[in-house]
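Here is the structure we will look at, set down as structure tokens.
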Amino acid sequence: MTTIERGREIGAPVYESADVVVIGSGAGGAVAAYELARDGRSVVVLEEGGYYAPEEYGAMTPSNTLRRLAREAGLSAAVGLGDTPLITTLAGKCVGGSSVLTGGVCFRIPDEVLHEWSKDLGLARMTPERLDPFFARVEERVHVETVPEHMRSRSTELFVEGARSMGVPMKSLRRNTHGCRGAARCNFGCPHQAKMSVDISYLPAALDLGARLFADALVERLDIAGGRVTGVRGRFLDQETGEPRVPFTIRARVVVVACGSLHTPVLLRRSGLDAADIGRHLTLHQAYRVSAIFDEHVGGWDGALQSVYCDHFLKDGITLVGVYSAANVLAAGFPGVGKAHRRLAEELPHLAVFGGMVHDEGGGTVRRWLSREPLITYRMSARDRGRLFRGMQLLGQMAFAAGAREVMLPLFGATTFKSKAELDFLTERPPPANRVECMAFHPLGSARMSADPRRGVVKPTGETWAVDNLYVIDGSVLPTSIGVNSQLPIMGVATMLASGICDDWTRLARRAA
Amino acid sequence: MIAAPRLARTRDFARTTLTRRHRALVRGFAETLFAWDAPRGTDSAARLDAFVDDVDRFISPASKTLRFGLLAMLDVVRLAPLFLVGRLAVFEDLAIADRTRMLERMEASRFAPLCLVFVAFKTLMTIAYYEEPSELAAIGYPGAARERYKRVATLRAQASP
């Protein structure tokens, strides 16, 4: 019998020891825990968020999902420096991490990105050929499949038609689903347990292999002695207040930090690591939605949340991805107050939505500050600002080409647009970028991997340059923006790095003795 | 599947954020944001009170820093009428027409922080407001029923001899 310990129910201090402690249970941590448990290691997983069973979160309304499963109730944001939007950064804080809140889109790391990593950055293992078996292993376990055409919503079909009339091809996406019923709310927890997030695909298998998992467990610092990590300490969150209360200490021979790009740097700094690159080089893949109102009944909620994408503009740093969302979340993006807002809300059945994403240069920083949550800042480059507005214009043009009556751009205070010509200002006289409603779902790179200790935080093996037996296995090690959704890339790289720990276990254990 | 935990459901942390002053403000904000000509039921006051509870529940899991920031933003809204609509009154004491005018000015403001204060609360309030099944039905959302995924069965049946 395997179970999860809920920290909020634990009343007495906990002292444990294990071969490996993994901090974080998302796409990186869950995969690492499984691979290490499969290799025979005793593993303890510590997750700051709560545990909610799939049938429990699947029945939650979007606001309940956000407040229980997302960091900062879904309200955290990167503060824009200079002419940069405020970028909402959605990240999971629950058993399963952000994988519970993704749309399920699965891309491997593009070959051209891996080419840059292996050739220009000297990360010799990061080639398509060497990563292929690890990606294949993940894809099999999480059931990556191509979204069939019949699962496309009418909303998506309209944008595909518009793109086709402009000579722009769209392709079917791959997602980690099994038995999808097209509820179009994957990012608030699948109501049918059809999305193979790691709380369904990886963690149960790790627990079956003997791993233990503590939810509501906030790790406050790493114990480091003589240049080697020896364990972690922290406190379980109080049942009433949610603040840290009952202490725990876990001794371990190897510690894997998998808190994600927004929290891994905070924990490393709080534990005394001082490499200059910790918390720097954050990339975000700024994302935005363009909505369009059609005369026909669209009913965009019926179909897969995400089913197609367009890489036609990838050389320009723009990826277009089909998307929808919960009805109330879409309504939240409509402009206006009172009657004006209500008029648009009543157009919901006629609404089609499509998204875009910037393959950004980076420019983000994660810092410790007043609370447990970090201060995230981001300075957008002029090139990325251009990409942002060009992507919006393309989506607006596609909507009009498909017969849209009105188009809504993600610009604060903007009314609807009624013709293609009205969109020209986006590239001719673009508005300030801080007027753009922008989101980020793929924070990466804040503890990046490098072949040179002066240029990064971790070695190509995932072990930190500064502390022996301390590994980072999450999106923060990816050294540059990847331009595609990050779930599968994180899991593939995590599999590779965790396998490396297994292969090297005898040496690591000897060093820890 | 992960084995059933000891409790069927995870208990929520029991903390609140909004003070009495902020509750009145959120109520006034919502009353303005969701005002239109449709006939209001006799229970609209109770509905607004329950809505304020929903908003409080929504924001309360956030960190101390963010909750402090959200309360400070509400105070900005509270004191903004003098600067935005020339009225020496707090927001919740204005007539709905004046509140509407003020919120519209905030949304269109070139001063980005003012616009963001409006957008932040509009976003979380709209998410909470349109979670009510009757409101969703009123704007044409049919609920959880889905048909498209069934088309594969139809296609397969047509394909088989």
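Sequence lines, in order, name chains A and B.
The first sequence lines up with residues 236 to 748 when you count with this note's numbering.
The second sequence lines up with residues 23 to 183 when you count with this note's numbering.
For glycine and all other residues, C-beta sits at the position ideal for the given N, C-alpha and C.
Can residue i and residue j be called in contact, C-beta distance under 7 Å?
i, j, result
"Val642(A)", "Gly590(A)", "no"
"Ala326(A)", "Leu497(A)", "yes"
"Pro297(A)", "Leu519(A)", "no"
"Val543(A)", "Thr391(A)", "yes"
"Leu732(A)", "Val490(A)", "no"
"Gly338(A)", "Asn422(A)", "yes"
"Ser407(A)", "Val377(A)", "no"
"Arg302(A)", "Phe80(B)", "yes"
"Leu517(A)", "Ser333(A)", "no"
"Ala268(A)", "Val256(A)", "no"
"Tyr292(A)", "Thr32(B)", "no"
"Arg470(A)", "Thr484(A)", "no"
"Ser432(A)", "Val335(A)", "yes"
"Gly648(A)", "Ala130(B)", "yes"
"Met615(A)", "Thr323(A)", "no"
"Leu366(A)", "Cys329(A)", "no"
"Arg199(B)", "Ser82(B)", "Chain B is shown only over 23 to 183; residue 199(B) falls outside these bounds and no answer can be derived."
"Phe370(A)", "Arg343(A)", "yes"
"Asp709(A)", "Thr465(A)", "no"
"Val454(A)", "Leu281(A)", "yes"
"Leu310(A)", "Ala84(B)", "yes"
"Val707(A)", "Val379(A)", "no"
Just tell me which of the options has its CA closest to the CA of residue i.
i, options, result
"Glu374(A)", "Ser400(A), Asp703(A) and Pro724(A)", "Pro724(A)"
"Met95(B)", "Ala36(B), Cys137(B) and Val107(B)", "Cys137(B)"
"Ser685(A)", "Ser407(A), Lys354(A) and Ser334(A)", "Lys354(A)"
"Phe140(B)", "Ser734(A), Pro570(A), Ala656(A) and Ala744(A)", "Pro570(A)"
"Gly246(A)", "Pro404(A), Pro320(A), Ala371(A) and Pro482(A)", "Pro482(A)"
"Gly259(A)", "Phe548(A), Asp451(A) and Ile553(A)", "Asp451(A)"
"Arg515(A)", "Gly718(A), Cys341(A), Arg276(A) and Arg683(A)", "Arg683(A)"
"Val99(B)", "Arg170(B), Ala67(B), Pro83(B) and Thr54(B)", "Thr54(B)"
"Tyr559(A)", "Val280(A), Ala419(A) and Leu358(A)", "Ala419(A)"
"Ile161(B)", "Arg241(A), Val379(A), Arg524(A) and Arg578(A)", "Arg578(A)"
"Phe143(B)", "Tyr163(B), Pro103(B), Leu93(B) and Leu158(B)", "Leu93(B)"
"Arg127(B)", "Val572(A), Ala294(A) and Phe369(A)", "Val572(A)"
"Gly535(A)", "Thr600(A), His585(A) and Thr476(A)", "His585(A)"
"Asn720(A)", "Pro500(A), Asp443(A), Met592(A) and Gly598(A)", "Met592(A)"
"Glu157(B)", "Phe56(B), Asp97(B), Phe35(B) and Asp34(B)", "Phe56(B)"
"Ile193(A)", "Met627(A), Arg504(A) and Leu583(A)", "With chain A covering 236 to 748 only, the question about residue 193(A) has no answer from this structure."
Let me confirm a value: residue i is counted as buried when at least 16 other C-beta atoms fall within 10 Å, else exposed. Which label applies?
i, result
"Asp509(A)", "exposed"
"Ala308(A)", "buried"
"Tyr613(A)", "buried"
"Thr39(B)", "buried"
"Ser654(A)", "exposed"
"Thr526(A)", "The sequence given here has Ser at residue 526(A), not Thr. Buried, by the Cβ-count rule."
"Ala511(A)", "exposed"
"Lys86(B)", "exposed"
"Gly108(B)", "exposed"
"Lys172(B)", "exposed"
"Ala729(A)", "buried"
"Ala272(A)", "buried"
"His44(B)", "buried"
"Arg745(A)", "exposed"
"Arg170(B)", "buried"
"Phe676(A)", "buried"
"Lys430(A)", "buried"
"Val671(A)", "buried"
"Arg664(A)", "exposed"
"Gly507(A)", "exposed"
Can you name, in chain order, every residue of its own chain whose Cβ lies under 7 Å from the Cβ of residue i, other than the five neighbours on each side?
i, result
"Met401(A)", "Gln632, Met633 and Ala636"
"Gly638(A)", "Phe529"
"Thr650(A)", "Pro570"
"Thr64(B)", "Because the pLDDT at Thr64(B) is just 49, under 50, the model does not fix this residue reliably, and the value given afterwards should be weighed accordingly. None."
By Cβ distance below 8 Å, which residues in the same chain neighbour residue i in space, the five residues on each side in sequence not counted?
i, result
"Arg21(B)", "Residue coverage of chain B in this structure runs from 23 to 183, which leaves residue 21(B) outside it and unanswerable."
"Glu764(A)", "Absent from the model: residue 764(A). The displayed extent of chain A is 236 to 748, so no value can be given."
"Ala580(A)", "Ala566 and Phe569"
"Asp739(A)", "Thr696"
"Val588(A)", "Ser390, Arg524, Val525, Ser526, Ala527, Gly535, Val558, Tyr559, Ser560 and Leu565"
Kindly list the residues whose CB is nearer than 6 Å to the CB of residue i, restricted to its own chain and excluding five residues on each side of it in sequence; keep chain order.
i, result
"Arg168(B)", "none"
Could you work out which residues of chain E lie near residue i, taking near to mean beta carbons separated by less than 8 Å?
i, result
"Asn669(A)", "Among the chains of the structure shown, chain E does not appear; the protein chains present are A and B."
Q) Using 8 Å as the Cβ pair cut-off and three pairs as the minimum, do the stretch 678 to 694 of chain A and the stretch 709 to 729 of chain A touch? A) yes
Q. Do the stretch 631 to 640 of chain A and the stretch 592 to 611 of chain A meet, that is, are 3 or more Cβ pairs less than 8 Å apart?
A. no
Q. Counting pairs of beta carbons, one from the stretch 559 to 576 of chain A and one from the stretch 141 to 152 of chain B, are three or more of them closer than 8 Å?
A. yes
Q: Decide yes or no for the touch test of the stretch 532 to 540 of chain A against the stretch 108 to 126 of chain B: beta carbon pairs closer than 8 Å, at least 3 of them.
A: no
Q) Within the chosen definition, does the stretch 694 to 709 of chain A reach the stretch 658 to 674 of chain A through at least 3 CB pairs nearer than 8 Å? A) no
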